[in-house]
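In terms of our numbering, the sequence shown is residues -9 to 87.
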Amino acid sequence: MLHDRVLVLPDDAAERKSSAGILIPATAAVGKRLSWAAVVAVGPHVRQVATGDKVLFDPEEKAEVELHGKGYTLLRERDLHAVAAPDEAAGRTGLYL
């Protein structure tokens, strides 16, 4: 990885579930929606993210690449919107926005 680039493996959830328990198919049209991904590699100038972090990004601002049969996304660090960090005390995930 070079400069401020971040290589992520997107969470490909085929279906989502609403808070009321209704299944929303992957083909349903929704407005602009951000996506979660796991960080696989980072460049030397990345300061806020480490390998293994879960990050939130805009899927429209991405470059896709396939390595060893898996689809990855290449982003700049500035294109990340949030990092999910484990809350070890409560066993839950908290967000740093």
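We treat Cβ as the ideally placed atom computed from N, Cα and C, and that holds for glycine.
For the pair residue -5 and residue 65, the Cα-to-Cα distance works out to about 6 angstroms. In this structure, residue 70 sits away from residue 31, with a CB-CB distance that is not shorter than 8 angstroms.
By alpha-carbon distance to residue 38, the top candidate from 68, -1 and -8 is 68. DSSP places residue 54 within a strand segment (E or B) once states are collapsed to three. Secondary-structure assignment with DSSP links residue -1 through a beta bridge to 28. When 36, 23, -8 and 43 are compared, the shortest CA-CA separation from residue 29 is found for 43. Going by beta carbons, residue 13 and residue 46 fall outside the 8 angstroms limit. Of 1, 74, 11 and -8, the smallest CA-CA separation from residue 49 is found for 1. Taking all protein chains in view, the Cβ of residue 63 is crowded by 16 or more other Cβ atoms within 10 Å, so the residue is classified as buried.
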